[in-house]
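Here our numbering = 1-based position in the sequence shown + 497.
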Amino acid sequence: MNKEHGLKKLKEFRKYVKDFVKHNRSTVKEIHDLRTACRELISLLSSKEELYKKIKKVIKASNSVRDIDVFFEAYLASLPKKYLKKLDMKSINKRTHKSRKKELNKLHKYLKSLDIQNTILLEAKQDKSIVKPKEEPKLNQEELHKYRIYIKKLLYREKNSVPLNKNRVNALSKIKDCLGSINDNYNGYERLNNFEVKPKLLNRIANFTEAKNLKLFKKFQILNKKYVEGGL
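This is how it looks when you write it as structure tokens:
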């Protein structure tokens, strides 16, 4: 990663944050794009850099909002209608959207106070070997989460490489998204478990979630094997 590329990413980030605050952005896509911009820029910085710490706070401040968005847009939307009809969606919507608004206000408050200088110099982070987990993960949230972090590091390194290897980026993106869906399902069920749901219904939803994650896990294994053996 050269300095010109780093400065370009910095300018893009500054512009995005400015627009986000000015127009009071709040949609699911806008929150997702903000987090993506944060992760892409932070991958270029040393952990000792002041900007690194600031961006980490943006990600942390947006975590709750993103979790709520995923709960509705991905998890609940994936449940069979026969289960959704039996859920007290009115209560779930009321409690969750109230929480989202509160967390969103906190995010905007922090972004408004965020000072990102125009002239800050980005130094290329020294290439450090990305340690691959010793074994391929099993269908376990903690193991898959750690592997997803490993894949993300590989992905952002590839995205910041010049020239860009699109095949690697596409392959790693597919693996990341697959692992992300599994994690979203785990978190979605955990959040649903905080609401008043009849035990019998909750058990059926748990079985549905486990079956869905098993299918995604098998897809992950295929994608991961293809990437490893493909020599990309």
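In this text, a Cβ means the ideal position worked out from N, Cα and C, and glycines have one as well.
Quick one: using the 10 Å Cβ neighbour count with 16 as the cut-off for buried, is Gly727 buried or exposed?
Taking the sequence shown and counting its residues from 1, one reaches residue 727 at position 230. Classification of Gly727: exposed, given that the 10 Å Cβ count is below 16.
Between the alpha carbons of Val628 and Tyr647, how many angstroms are there, rounded?
For the purposes of this step, residue 628 is taken as residue 131 along the sequence shown, with counting starting at 1. For the purposes of this step, residue 647 is taken as residue 150 along the sequence shown, with counting starting at 1. About 7 Å.
Within its chain, find whatever has a CB closer than 6 Å to the CB of Lys583; leave out the 5 residues flanking it on each side and keep chain order.
As a working mapping, residue 583 is identified with position 86 in the sequence shown. Answer for Lys583: Leu698, listed in chain order.
Arg511 to Ile672 span [Cα, whole Å]
As a first step, residue 511 is located in the sequence shown; it is residue number 14 there, counting from the start. As a first step, residue 672 is located in the sequence shown; it is residue number 175 there, counting from the start. Distance between the alpha carbons of Arg511 and Ile672: 29 Å.
Got a sec, what are the start and stop residues for the alpha helix (DSSP H) Val725 sits in?
Here residue 725 corresponds to residue number 228 of the sequence shown, with the count starting at 1. That run of the alpha helix (DSSP H) goes Pro696 to Gly727.
Going straight from the alpha carbon of Asn691 to that of Lys598, what length do you get?
Translated into the one-based positions of the sequence shown, residue 691 becomes position 194. Translated into the one-based positions of the sequence shown, residue 598 becomes position 101. Their backbone Cα atoms lie some 19 Å apart in a straight line.
Can you tell me whether DSSP reads Leu627 as helix, strand or coil?
What you label residue 627 is simply residue 130 of the sequence shown in a count that begins at 1. Residue identity check: residue 627 is Ile in the sequence provided, not Leu. Reduced to three states, the DSSP call for Ile627 is coil.
Could you check whether the segment 662-669 touches the segment 550-566, counting it as contact only if at least three pairs of C-beta atoms, one from each stretch, sit closer than 8 Å?
no
Under the three-state reduction of DSSP, which class applies to Ala621: helix, strand or coil?
Residue 621 sits at position 124 when you count from the first residue of the sequence shown. With a pLDDT of 49 at Ala621, under the threshold of 50, the modelled position of this residue cannot be trusted, and the question is left open.
Out of curiosity, what's the CA-to-CA distance linking Tyr567 and Leu611?
Against the sequence shown, residue 567 aligns to sequence position 70. Against the sequence shown, residue 611 aligns to sequence position 114. The identity of residue 567 in the sequence shown is Val, whereas the question assumes Tyr. Approximately 26 Å between the Cα atoms of the pair.
Those runs of the alpha helix (DSSP H) which lie wholly inside the segment 533-598 and span at least 4 residues:
547-567 and 578-581
In the DSSP assignment, the alpha helix (DSSP H) including Asp516 goes from what residue to what residue?
Counted from its first residue, the sequence shown places residue 516 at position 19. Run containing Asp516: Lys500 to Lys519, per the alpha helix (DSSP H) assignment.
To the nearest angstrom, how far is the alpha carbon of Leu689 from that of Lys500?
Within the sequence shown, residue 689 is the residue found at index 192, counting from 1. Within the sequence shown, residue 500 is the residue found at index 3, counting from 1. Straight-line Cα distance between these residues: approximately 46 Å.
Below 8 Å on the Cβ atoms is my contact criterion, and I expect Val525 with Glu570 to pass it. Report the Cβ-Cβ distance as a whole number of Å.
As a position in the sequence shown, residue 525 is number 28, starting the count at 1. As a position in the sequence shown, residue 570 is number 73, starting the count at 1. Between Glu570 and Val525 the Cβ distance is about 6 Å, and since that is below 8 Å, they are a contact.
For Lys467, collect the residues of the same chain with a Cβ closer than 7 Å to its Cβ; drop the 5 residues on either side in sequence, then sort them by chain order.
Shown here, the chain extends from 498 to 729; a query on residue 467 therefore has no answer.
Indicate the three-state DSSP secondary structure (helix, strand or coil) for Ile679 in the structure shown.
Counting from 1 along the sequence shown, the entry for residue 679 is found at position 182. Residue state, collapsed to three classes: helix.
Which residue's Cα is closest to the Cα of Arg522: Glu546, Thr533, Asn602 and Lys716?
What you label residue 522 is simply residue 25 of the sequence shown in a count that begins at 1. Arg522 has its Cα closest to that of Asn602, out of Glu546, Thr533, Asn602 and Lys716.
For the alpha helix (DSSP H) containing Glu640, list its first residue and its last residue.
Along the sequence shown, read from residue 1 onward, the residue named residue 640 stands at position 143. Run containing Glu640: Gln638 to Lys656, per the alpha helix (DSSP H) assignment.
Can you grab the Cα-Cα spacing for the pair Phe717 / Arg654, in whole Å?
For the purposes of this step, residue 717 is taken as residue 220 along the sequence shown, with counting starting at 1. For the purposes of this step, residue 654 is taken as residue 157 along the sequence shown, with counting starting at 1. Their backbone Cα atoms lie some 21 Å apart in a straight line.
Output the distance between the C-alpha atoms of Tyr580 and Glu707, rounded to the nearest integer angstrom.
If you number the sequence shown from 1, residue 580 lands on position 83. If you number the sequence shown from 1, residue 707 lands on position 210. The C-alpha of Tyr580 lies about 15 Å from the C-alpha of Glu707.
Report back the beta-carbon spacing between Ser559 and Leu507 to the nearest angstrom; my notes put them in contact at under 8 Å.
The sequence position of residue 559 within the sequence shown is 62, counting from 1. The sequence position of residue 507 within the sequence shown is 10, counting from 1. So it is not a contact: roughly 19 Å between Cβ atoms.
Suppose the cutoff is 8 Å on Cβ atoms and the five residues either side in sequence are ignored; what does the same chain contact list for Lys715 look like?
Here residue 715 is taken as the residue at index 218 of the sequence shown, counted from 1. For Lys715, where only same-chain residues beyond five positions count, there are no Cβ hits under 8 Å.
Alpha carbon of Lys723 to alpha carbon of Pro634, nearest angstrom:
Your numbering for residue 723 matches position 226 in the sequence shown. Your numbering for residue 634 matches position 137 in the sequence shown. If I take the Cα positions, the gap works out to 16 Å.
Could you tell me how far apart the beta carbons of Leu576 and Ile702 are, in whole angstroms, since I believe they sit closer than 8 Å?
Taking the first residue of the sequence shown as position 1, residue 576 is located at position 79. Taking the first residue of the sequence shown as position 1, residue 702 is located at position 205. Confirmed, about 7 Å.
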